[in-house]
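The numbering of the sequence shown is this note's numbering, which starts it at 2 and goes up by one.
Heads up, the beta-carbon is just placed ideally off N, CA and C, and yes, glycines get one too.
Here the structure is a predicted model, which is why all the values come from computation and not from measurement.
Have a look at the structure below before the remarks.
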Amino acid sequence: MADSKIYTASTTAPVNIAVIKYWGKRDTKLNLPTNSSLSVTLSQSDLRTHTSAACSSIFTENRLYLNREPQDVSGARQQACFRELRVLRAALEAADPTLPKLSTYNVHIVSENNFPTAAGLASSAAGFAALVRALADLYCLQNTPTELSRIARQGSGSACRSLFGGYVAWEQGHAADGSDSLAVQVAPASHWPGMRAAILVVSAAKKDVSSTSGMQATVATSGLFRHRAEVVVPARMEAMKAAIQKRNFEAFAELTMADSNQFHAVCLDTLPPIFYLNDVSRAAIRVVEEINRVAGKSIAAYTFDAGPNCVIYYEQENEAAILGVLKPYTSGVSGWGDRRETVHARIPEGFNAA
Ligand code: ADP
Ligand code: DP6
Ligand code: CO
């Protein structure tokens, strides 16, 4: 009798916010980057994607629902993830003919982000990491996170880093097939127990220029970008790894802020220029610069992905001082996670720092 069983698996994946930014591809099909990058994965108890995957011989097509809306699954990115994971499953089935032939079935995927989608808070990172993890679990794959990172990267570049917790490098690699463009953990979250991130939600609106099309325009038109990728980032990657190994917050903060600022400078150097930051974002930068000036050293580090929303890294011992300064500018701090690694605050529209 034909197998009409529905097989299911569910998982969650956290967002990661880069401190050395990925921006630019040398291969747009495989999402191979023009520079390595490094990120901090946030706590699972805060910004995360929840994804369930099912497969069955009775499913007549592949389907993906994101935040309850049906998505087009014919896109190259989703197809690449489905195809690569099926190949790994098919190898298991070939080795053990008693296994059900899940590699031949269509999949149904339901995914929810508990934070704004396509607003510069790394939804594509958590989203594709969760999609790959859910299908890998469904297929009972034993591959390592680094092996799965090769697949998640083809969904969205930044997603390869969300397969790990803690401090994660995406080494750009040099192979034309992308086999060495992989994520590796630099240090686990437990290496730096005092590290915290505050998420300042400036706007939950979908960005006008997606990360994918923004970086394509940058590669095509920005000269500053070339200097960044070839000269600045390689040195910064080494300096950032050293700062993390030594838990040197000042070095970590200064590199993080410089890299965020250079990434947005490169956006401005693109033709036509891309503006991800708005007045509220710039006001948040001024507040953090002021906090650091008063402290006499960098105790807080802002960073912005491709959107106006601000992430501030700091150490627990400075939490009261930093959140105390931010509080008057925000409409409340909410969403304290169990491990208190991240806090959320919403800056009211129209806010302007003096
Ligand atoms: P962000 O800054 O949020 O990462 P991007 O422009 O990089 O924005 O990517 C947003 C796109 O990522 C969405 O339009 C959608 O195609 C995809 N995406 C976001 N969340 C998910 C998810 N949970 N599952 C699958 N794809 C997702
Ligand atoms: C600014 O990974 O979203 O957040 O690979 O085209 O899906 P695609 O782009 P994406 O770009 C992220 C850019 C960034 C920096 C970073 O996360 O490193
Ligand atoms: Co993204």
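In the DSSP assignment, R64 is bridged to H109. Those residues placing their Cβ nearer than 5 Å to any heavy atom of the ligand CO are, following chain order, S125, S212. Taking the C-beta atoms as reference points, I286 is found no nearer than 9 Å to V326.
Relative to the non-hydrogen atoms of the ligand ADP, the Cβ of D178 never comes closer than 8 Å to any of them.
Annotation: K26 to S212 spans about 11 Å, alpha carbon to alpha carbon. In the DSSP assignment, K26 falls within the beta strand (DSSP E) that extends over 26-28. Q79 is a Cβ neighbour of L65, given a cutoff of 9 Å. K102 has its Cβ no nearer than 8 Å to any heavy atom of the ligand DP6. Within the same chain, W193 come within 6 Å of R248 by CB-CB distance, once the 5 residues on both sides are set aside. CA-CA distance, K6 to Y303, rounds to 49 Å. Bounds of the alpha helix (DSSP H) holding E320 are 320-327.
In this structure, M216 has its beta carbon less than 8 Å from a heavy atom of the ligand DP6. N279 counts as exposed, since fewer than 16 other C-beta atoms from the protein chains shown sit within 10 angstroms of its C-beta. For C56, the pairing in a beta bridge is given by DSSP as Y8, V108.
For S37, there is no enclosing beta strand (DSSP E), as DSSP gives it neither H nor E.
Pairing A127 with N17 gives a Cβ-Cβ distance under 9 Å. Taking non-hydrogen atoms of the ligand ADP into account, the C-beta of E113 is found less than 8 Å away from one of them. Within the same chain, Y8, L103, Y106, N107, V108, L139 come within 7 Å of C56 by CB-CB distance, once the 5 residues on both sides are set aside. Annotation: C311 to K207 spans about 15 Å, alpha carbon to alpha carbon. Restricting attention to Y277, R294, S58, the CA atom closest to the CA of D209 is found in Y277. Looking only at R197, A95, S124, the smallest Cα-Cα distance to Y168 is reached by R197.
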